[in-house]
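Novice: Quick one: this structure, given as structure tokens, is what I'll be asking you about.
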Amino acid sequence: MKRFFLSLLVLSLAACAQRKDTQPVEPYRIAGNLYYVGTSDITAYLVSTPQGHIVINVGYEDTAAQVRDSIQKLGFKITDVRILLNGQAHFDHVAGMAALQKMTGGAKIFASTADAGVMESGGKTDFRWGSEYTYPVVKVDRKLSDGDKVELGGTTLVAHVTGGHSIGCTTWTMQVDDGGKKLDVVIVGGTTVNPGVQLLNNPKYPGVSDDMAKTFRVLRSLHCDIFLGAHGGYYNMAAKYDRFKRGEQPNPFIDPAGYQDHINRMEKAYLDLVAKEKAASGR
Ligand SMILES: [Zn+2]
């Protein structure tokens, strides 16, 4: 019996090690008081302030320890993390939130009202993944509306509700001071339509298509110097990080053209899916 549990443990460790999107990545300072503390594709960001830190996104349950280790590697104290935010209430980004909150010793969780509902159900009410991928329930301490500000130690983050990918998907913006230069940062919440999502007449989320359309309008309205997102793949993180490590100037994460290109490509993919659904239903 003992051996059985041991082999189960080995199997689950192996599954974790094989997961491609959470391979370890060295933490680094992106610009100003903004740091990367995530993994190979599942991103996490630390905003450091004199009054404590904010962490945006976590990852899977077992990613929380990686995020904690990265924060500590940068020389910060995990117990100085005061606020946890997220870009989308999906298992691959918030399943580790309960674990990370515990490690911080009581950081507050803020989320958009719609995503808060999903997180407080442990993912069960998610319109796409609710029956497949659930996660530990968290209590959301502050429910945010579109345009709400999160302020700590002189840094302000603004929540832009960009629903569709998840019902309360949130794009975060902030400004960093990079060597005296003010740069606008956009951390995209989510722009993809997950496989199997019905965009038109979806009984579980009737507004999904309208929310997607609105998301692209909102993203276009934001000024972006530094382009980041919930997945590294949104902004070509791996390639940019290689250039960043070589000391390339200007900072390769400054990519307003890549940001526009991402919006255009993702909007086209969304519109193609809508057209496909219309054609299939003969409308
Ligand atoms: Zn997602």
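Mapped onto my numbering, the consecutive letters of the sequence shown carry residue numbers -7 to 275.
For glycine and all other residues, C-beta sits at the position ideal for the given N, C-alpha and C.
Owing to the predicted nature of the structure, the values given are computational and were not obtained by experimental measurement.
Taking Cβ to Cβ, would you say Phe219 is nearer than 8 Å to Gly250?
Specialist: Going by C-beta atoms, Phe219 is nearer than 8 Å to Gly250.
Novice: Output yes or no for whether 8 Å exceeds the beta carbon distance between Thr31 and Gln15.
Specialist: yes
Novice: Is it true that the CB of Phe102 sits closer than 8 Å to the CB of Leu144?
Specialist: no
Novice: Using the three-state DSSP reduction, which class does Glu112 fall into: helix, strand or coil?
Specialist: helix
Novice: For Met204, which residues of its own chain have a beta-carbon under 6 Å away from its beta-carbon, when the five flanking residues on both sides are left out?
Specialist: Gly156, Tyr262
Novice: Along the chain, where does the alpha helix (DSSP H) that runs through Gln64 open and close?
Specialist: 55 to 65
Novice: In the DSSP output, what is Ser40 paired with across the bridge?
Specialist: DSSP lists His45 as the bridge partner or partners of Ser40.
Novice: Starting from the Cα of Ile22, find the closest Cα among Lys270, Met258, Lys237, Ile255 and give me that residue.
Specialist: Lys237
Novice: Could you give the DSSP three-state label for Val178: helix, strand or coil?
Specialist: strand
Novice: Alpha carbons only, please: which of Leu76, Met258, Asn228 is nearest the one belonging to Phe344?
Specialist: Examination of residue 344 is not possible in this model, given that the chain is present from -7 through 275 alone.
Novice: Using only CA atoms, which one of Ser213, Val39, Gly239, Thr183 lies nearest to Ser201?
Specialist: Residue Thr183 is the option with its Cα nearest to Ser201.
Novice: Exposed or buried, Lys232, counting other C-beta atoms within 10 Å across all chains shown (16 or more means buried)?
Specialist: A residue is called buried when at least 16 other Cβ atoms come within 10 angstroms of its Cβ; Lys232 meets this threshold and is buried.
Novice: May I have the straight-line CA-CA distance separating Ile159 from Val189, to the nearest angstrom?
Specialist: Ile159 and Val189: Cα-Cα distance of roughly 12 Å.
Novice: For Phe102, write down the residues that DSSP places opposite it in a beta bridge.
Specialist: Arg134
Novice: Between which two residues does the beta strand (DSSP E) harbouring Gly221 extend?
Specialist: 218 to 221
Novice: Between which residues of its own chain and Ala81 is the CB-CB distance below 6 Å, once the five residues before and five after are set aside?
Specialist: Asp107, Val110, Met111, Ser158
Novice: Compare the beta carbon distance of Met166 and Val153 with 8 Å and say whether it is the shorter of the two.
Specialist: no
Novice: Verify whether the separation of the beta carbon atoms of Ile34 and Trp164 is less than 8 Å.
Specialist: no
Novice: Would you mind working out which of Val150, Lys174, Pro187, Glu18 sits nearest Val210, comparing C-alpha positions?
Specialist: Val150
Novice: Buried or exposed: where does Asn25 fall if 16 or more other Cβ atoms within 10 Å of its Cβ makes it buried?
Specialist: The residue in question, Asn25, is buried, as its Cβ has 16 or more Cβ neighbours within 10 Å.
Novice: Cα-Cα, which of Lys141, Asn194, Arg212 is closest to Arg120?
Specialist: For Arg120, the nearest C-alpha among the options comes from Asn194.
Novice: Does the beta carbon of Gly182 fall short of 7 Å from some heavy atom of ligand 1?
Specialist: True, at least one ligand heavy atom lies under 7 Å from that Cβ.
Novice: Considering Ile22, what are the terminal residues of the alpha helix (DSSP H) in which it resides?
Specialist: Taken as a continuous stretch (DSSP letters only), Ile22 belongs to no alpha helix (DSSP H), being part of the beta strand (DSSP E) at 20 to 23.
Novice: Is the shortest distance between the beta-carbon of Tyr233 and the beta-carbons of chain C less than 8 Å?
Specialist: Structure shown: chain C not included; a single protein chain is present.
Novice: Applying the 10 Å Cβ sphere with the 16-neighbour rule, what's the burial state of Gln64?
Specialist: Around the beta carbon of Gln64, fewer than 16 other beta carbons sit within 10 angstroms, so the residue counts as exposed.
Novice: Only counting the same chain, and skipping five residues up and downstream in sequence, which positions put a Cβ closer than 8 Å to that of Arg60?
Specialist: Ile70, Leu92, Met95
Novice: Quick check on the DSSP output: the beta strand (DSSP E) that includes Asp169 runs from which residue to which?
Specialist: 162 to 170 is the extent of the beta strand (DSSP E) around Asp169.
Novice: State yes or no: is the C-beta of Gln190 nearer than 7 Å to some heavy atom of ligand 1?
Specialist: no
Novice: Measuring only the C-alpha atoms, how far is Thr162 from Gly139?
Specialist: If you take the alpha carbons of Thr162 and Gly139, they lie about 10 Å apart.
Novice: Does DSSP put Ala87 in a helix, in a strand, or in coil?
Specialist: Here Ala87 sits in coil by DSSP.
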